[in-house]
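Report on the following structure.
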Amino acid sequence: AQSVTQLGSHVSVSEGALVLLRCNYSSSVPPYLFWYVQYPNQGLQLLLKYTSAATLVKGINGFEAEFKKSETSFHLTKPSAHMSDAAEYFCAVQSGGTSYGKLTFGQGTILTVHP
Amino acid sequence: ETGVTQTPRHLVMGMTNKKSLKCEQHLGHNAMYWYKQSAKKPLELMFVYNFKEQTENNSVPSRFSPECPNSSHLFLHLHTLQPEDSALYLCASSQAASGAPYEQYFGPGTRLTVT
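Heads up: the protein sequence lines correspond to chains A and L, in order. Residue 835 is where the first sequence starts when you use the working numbering, and the numbers rise one by one after that. Residue 25 is where the second sequence starts when you use the working numbering, and the numbers rise one by one after that.
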């Protein structure tokens, strides 16, 4: 079984401040991990993914995430927030093995960016 | 058209109506998915199709009936819905293979309101 927990349903930062969105996972086999972003009235867009290569993964729009096996975490960061980063962010886990691309999503974190 | 498209974008239907949601992917993928996104709840995977065959049904009520005539098209037939079925229905596709970390690409969703 696999599961994802996103700590904090809402995160608020000032423009230019560090963004940190937390994600912890549970998986019985080595996982693949993803971060998606959803803007209002749109579908989900992939930000980045971890596939057991480098533990520090860089994605689009200046975001990156670090896979820490010992902490079962995959937190998303961005050094300097921009107003356009305001959206809802979802962490997702896919276990290896026989699951045909099945993703389990966290409950999402709404990021608000203040001027 | 590019990516994953969904029609209609908005749908209002009564509890006795029958309607269908359509999804089309232009990415050459072999797997397609239906998700339900309700307010304050995690994304719920409803159905998975791999090479037109249904490989997953997450205990979805029979008032939701999926159809996948080919790898590019996916339908969700709706009948006798309940108000709690009001949600954003998202379609996704991926180049899924057993145990491989292929990301999913999402459509913009259909906003369904059941009155």
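Beta carbons: idealized from backbone N, C-alpha and C, even for Gly. Small disclaimer: the values here were computed from a predicted structure and weren't measured.
Quick check: A/Ala926 and A/Tyr870, are their CB atoms within less than 8 angstroms of each other?
As a first step, residue 926 of chain A must be located in the first sequence, where it is residue number 92. As a first step, residue 870 of chain A must be located in the first sequence, where it is residue number 36. Their beta carbons are under 8 angstroms apart, which means A/Ala926 touches A/Tyr870 by this criterion.
Report the rounded CA-to-CA distance for A/Leu855 versus A/Thr943, giving the unit in angstroms.
The residue labelled residue 855 of chain A in the question sits at position 21 within the first sequence. The residue labelled residue 943 of chain A in the question sits at position 109 within the first sequence. Distance between the alpha carbons of A/Leu855 and A/Thr943: 7 angstroms.
Using the DSSP secondary-structure output, state which residues sit across from A/Cys857 in a beta bridge.
Within the first sequence, residue 857 of chain A is the residue found at index 23, counting from 1. DSSP, once it has assigned bridges, lists A/Gln840 as partnering A/Cys857.
Short of 9 angstroms Cβ to Cβ, which residues in the region 874–894 of chain A face chain L?
Asn875, Gln876, Gly877, Leu878, Gln879, Leu880, Lys883, Tyr884, Thr885, Ser886
Bounding residues of the beta strand (DSSP E) (the contiguous stretch that carries A/Tyr988):
The structure shown does not extend to residue 988 of chain A, since chain A is modelled only from 835 through 949, so no value can be given for it.
At the level of alpha carbons, what is the spacing between A/Asn858 and A/Thr946?
Walking along the first sequence from the start, residue 858 of chain A turns up at place 24. Walking along the first sequence from the start, residue 946 of chain A turns up at place 112. For A/Asn858 and A/Thr946, the distance between alpha carbons rounds to 21 angstroms.
Going by the C-beta, is L/Gly131 closer than 7 angstroms to any heavy atom of the ligand FMN?
As presented, the structure is devoid of all ligands, the ligand FMN included, so that no description of it is given.
What beta strand (DSSP E) runs, 3 residues minimum, are completely inside the region 886–925 of chain A?
890–892, 898–902, 907–912
DSSP state of L/Glu127 mapped onto helix, strand, coil:
Along the second sequence, one-based indexing puts residue 127 of chain L at 103. Reduced to three states, the DSSP call for L/Glu127 is coil.
Inter-residue CB distance, A/Thr911 and A/Ala920 (contact presumed, cutoff 8 angstroms):
Against the first sequence, residue 911 of chain A aligns to sequence position 77. Against the first sequence, residue 920 of chain A aligns to sequence position 86. Contact doesn't hold; Cβ gap of about 16 angstroms is too wide.
I'd like to know if L/Val36 contacts chain A, where contact means its C-beta is closer than 8 angstroms to some C-beta of that chain.
Locating residue 36 of chain L in the second sequence gives position 12, counting from the first residue. Taking Cβ atoms only, chain A never reaches closer than 8 angstroms to L/Val36, which makes this a no.
Go through its chain and collect everything with a Cβ distance to L/Asn94's Cβ below 8 angstroms, but skip five positions before and after it.
By 1-based counting over the second sequence, the position of residue 94 of chain L is 70. Around L/Asn94: Lys76.
Pick from L/Gln128, L/Thr137, L/Leu136, L/Pro132: whose alpha carbon is nearest that of A/Tyr866?
On the first sequence, position 32 is the one that residue 866 of chain A refers to. The option with the nearest alpha carbon to A/Tyr866 is L/Gln128.
Taking 7 angstroms as the limit between beta carbons, can you name the residues of its chain near A/Lys936, skipping five residues before and five after?
Here the question's residue 936 of chain A lines up with position 102 in the first sequence. The answer, listed in chain order, is Gln928.
Please determine if the region 60–70 of chain L and the region 82–91 of chain L are in contact, where contact requires at least 3 C-beta pairs separated by less than 8 angstroms.
yes
In angstroms, rounded to a whole number, what distance separates the CA positions of L/His34 and A/Ser904?
As a first step, residue 34 of chain L must be located in the second sequence, where it is residue number 10. As a first step, residue 904 of chain A must be located in the first sequence, where it is residue number 70. Looking at the two C-alpha atoms, the distance is approximately 44 angstroms.
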